[in-house]
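Step one of this worksheet: look at the structure below.
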Amino acid sequence: HDLQVHQIELELQNKELIQAQEDLELTKEEYFQLFNQAPIGYISVDRSGIIHRSNSAFQEMVGCGFNRLFHRPLVQFIHKDDQNTFLSLFKRFISQKTGEVFDVRLTNTSGKTSYAQLTIKPLKLSEKKDRPDQILVAITDITEKKSAELALQESKDRLNIIVEDMPAMVCRFDPDGTISFANKEFCKYFTQNKDACSGINYFDLIPAESVETLKKELGNLTKDLPVKAIEVSHSDRQEVKNWLRWTIRSIYNNQGS
Numbered sequence: 728h729d730l731q732v733h734q735i736e737l738e739l740q741n742k743e744l745i746q747a748q749e750d751l752e753l754t755k756e757e758y759f760q761l762f763n764q765a766p767i768g769y770i771s772v773d774r775s776g777i778i779h780r781s782n783s784a785f786q787e788m789v790g791c792g793f794n795r796l797f798h799r800p801l802v803q804f805i806h807k808d809d810q811n812t813f814l815s816l817f818k819r820f821i822s823q824k825t826g827e828v829f830d831v832r833l834t835n836t837s838g839k840t841s842y843a844q845l846t847i848k849p850l851k852l853s854e855k856k857d858r859p860d861q862i863l864v865a866i867t868d869i870t871e872k873k874s875a876e877l878a879l880q881e882s883k884d885r886l887n888i889i890v891e892d893m894p895a896m897v898c899r900f901d902p903d904g905t906i907s908f909a910n911k912e913f914c915k916y917f918t919q920n921k922d923a924c925s926g927i928n929y930f931d932l933i934p935a936e937s938v939e940t941l942k943k944e945l946g947n948l949t950k951d952l953p954v955k956a957i958e959v960s961h962s963d964r965q966e967v968k969n970w971l972r973w974t975i976r977s978i979y980n981n982q983g984s
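Each residue of the sequence shown is one higher than the one before, counting from 728 in my numbering.
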């Protein structure tokens, strides 16, 4: 009877072990799918930067299957002009054991270049070791973001060229009158020196008797009516009196100020 009871207990334990094993395999499969199907690239490398694991997203980025990625240095997929930067930051990560986040260009097997943000963190698989067994690298494709930033910068550069070469005086000033930007024509007229325009107060350029009127006019500007044209006199360095027509546009922030 005792042997039969013991046999039943063993059979129950065996079923529990089988179920636990099945649950463990299912959990492993779920985590593998989360890793492999993640929308950003994931790879694990050792302290020398050699690739040991990679997911589908990274394989698509570099145009290379896992069999060709395994045991290859990650630096081989970094654009040649960014390799020194990558190696320097990777070495700093190894020595300091703190996470690193930086942008680099990737080059795939067909020579196409893309922009990526790399996030490097230690991956500790054993609490008994002082250093990580592996290093996790997350790779986010930021090509569209970089392209938009470059296009925006090009647009700003073109606008600056137009404003600088415009045959009219252009400046930008804060509500207190401090000028934060002035083009060449403005500086040439008032100071003869581009650097000397920095910090000048716009209201100091207006006749004293017109300043209060001007401030009142500016105070009446709104988001619906942001533009005001004024005409004031100004005496140049030779005390020649000129009349200037200023078209002033107020620029508002998201809070409406």
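Glycine included, each C-beta is placed from N, C-alpha and C at the ideal position.
Is it right to say residue i is buried, meaning 16 or more other beta carbons lie within 10 angstroms of its own, or is it exposed?
| i | result |
| --- | --- |
| Asp-785 | In the sequence as displayed, the identity of residue 785 is Phe instead of Asp. Result: buried. |
| Ile-888 | exposed |
| Tyr-842 | buried |
| Val-967 | exposed |
| Asp-922 | exposed |
| Thr-949 | exposed |
To the nearest angstrom, how far is it from the Cα of residue i to the Cα of residue j?
| i | j | result |
| --- | --- | --- |
| Lys-911 | Met-896 | 8 Å |
| Thr-905 | Ser-977 | 14 Å |
| Ala-747 | Glu-827 | 38 Å |
| Asp-892 | Arg-885 | 11 Å |
| Asn-763 | Leu-751 | 18 Å |
| Gln-740 | Glu-756 | 24 Å |
| Ala-909 | Ile-975 | 14 Å |
| Phe-900 | Met-788 | 46 Å |
| Cys-898 | Phe-813 | 42 Å |
| Glu-738 | Thr-754 | 24 Å |
| Ile-780 | Thr-840 | In the sequence as presented, Ile is not what sits at residue 780; that position holds Arg. C-alpha separation (whole angstroms): 22 Å. |
| Ile-805 | Leu-952 | 52 Å |
| Asp-825 | Tyr-979 | It is worth fixing the name first, because residue 825 is Thr in this sequence and not Asp. Distance between the alpha carbons of Thr-825 and Tyr-979: 41 Å. |
| Gly-776 | Ser-874 | 28 Å |
| Phe-759 | Ile-745 | 21 Å |
Let me know the secondary structure DSSP gives residue i once reduced to three states.
| i | result |
| --- | --- |
| Thr-825 | coil |
| Glu-749 | helix |
| Gln-861 | strand |
| Glu-958 | strand |
| Gly-790 | coil |
| Gln-844 | strand |
| Arg-819 | helix |
| Gly-768 | strand |
| Arg-795 | helix |
| Thr-836 | coil |
Do we get a CB-CB distance below 7 Å when we pair residue i with the residues of chain B?
| i | result |
| --- | --- |
| Asn-811 | Included in the structure is just one protein chain, with no chain B present. |
Quick one, which of the options has its alpha-carbon nearest residue i's?
| i | options | result |
| --- | --- | --- |
| Gln-689 | Gly-790, Ala-865, Ile-975, Ala-956 | Look at the range of the chain in this structure, 728 to 984, and you will see that residue 689 is not part of it. |
| Pro-902 | Leu-945, Thr-949, Cys-914 | Leu-945 |
| Val-831 | Leu-761, Thr-846, Lys-818 | Thr-846 |
| Val-938 | Cys-924, His-961, Thr-918, Gly-926 | His-961 |
| Gly-790 | Ile-805, Ser-837, Lys-807, Asp-809 | Ser-837 |
| Arg-819 | Arg-774, Glu-876, Lys-943, Glu-749 | Arg-774 |
| Asn-969 | Gln-803, Phe-917, Ala-765 | Phe-917 |
| Phe-829 | Ser-822, Phe-793, Thr-867 | Thr-867 |
| Lys-915 | Pro-934, Asp-931, Pro-894 | Pro-894 |
| Gly-768 | Ala-935, Leu-833, Ile-957, Gly-983 | Leu-833 |
Fully enclosed by the region 867–912, which alpha helix (DSSP H) runs are 4 residues long or longer? 870–892
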